[in-house]
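For reference, the structure is listed below as structure tokens.
Residue numbers (the numbering used here): 1 to 156.
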């Protein structure tokens with residue numbers, strides 16, 4: 001599997017980044033969320049902003065957040081997404097930020113894994129199609145060779 005995202009994979013990362021950016025806008029408009037003071041809600045907004053940047057960079061550079069490549073984002077992106085989401089969830093739970101709903105931050109943890117799974121399935125399908133096409137070409141060449149060998153035999 002290549003270490004670059006396909007266009008649909010990059011679009012999926014961009015969609016996750018847009019959903020997380022919308023969450024920041026939504027949080028900034030919640031009065032009950034900011035009732036605990038500016039610090040802890042600000043930490044949650046900061047964490048979501050880092051996730052937005054992470055997914056946006058992955059979408060623009062077409063680098064998967066989860067992967068085995070040599071790129072830094074592929075090596076540390078998955079643990080960063082999981083770690084930041086866990087920290088945000090703990091801050092929300094400990095500080096009692098009741099008006100905050102962990103959507104789309106919590107599902108964003110599963111997005112890189114789902115996109116990676118879909119991309120692997122895509123590339124496996126491409127490889128299977130290539131193998132089938134090569135086998136069909138070889139079979140056709142073998143059939144043409146057999147016909148060519150039979151044609152001189154019929155003429156004699």
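Glycine is no exception: its CB is placed at the ideal position from the N, C-alpha and C atoms.
Note that this is a predicted model, so its numbers are computed, not measured.
Requested in this report: Could you pull out every unbroken beta strand (DSSP E) segment of at least 3 residues lying fully inside the region 62-120, listed in chain order?
Outcome: none
**Report entry** Cβ-based burial, residue 116 [other Cβ within 10 Å; buried from 16]
**Finding:** buried
Query raised in the report: Alpha carbon to alpha carbon, how far is residue 8 from residue 151?
Result: 51 angstroms
Query raised in the report: What residue from 118, 18, 114 has the CA that sits closest to residue 52's CA?
Result: 18
Query raised in the report: For residue 20, which option in 46, 31, 64 has the closest C-alpha, if you only look at C-alpha atoms?
Result: 46
**Report entry** Opening and closing residue of the alpha helix (DSSP H) in which residue 11 lies
**Finding:** 7-28
Report task. With a 10 Å radius around its C-beta and 16 neighbouring C-beta atoms as the bar for buried, classify residue 44 as buried or exposed. Result -> buried
Query raised in the report: Does the region 86-96 come close enough to the region 137-150 to have 3 or more Cβ pairs within less than 8 angstroms?
Result: no
Query raised in the report: How would you call residue 55, buried or exposed, if buried means at least 16 neighbouring beta carbons within 10 angstroms?
Result: buried
Query raised in the report: Are the beta-carbon atoms belonging to residue 66 and residue 83 less than 7 angstroms from one another?
Result: no
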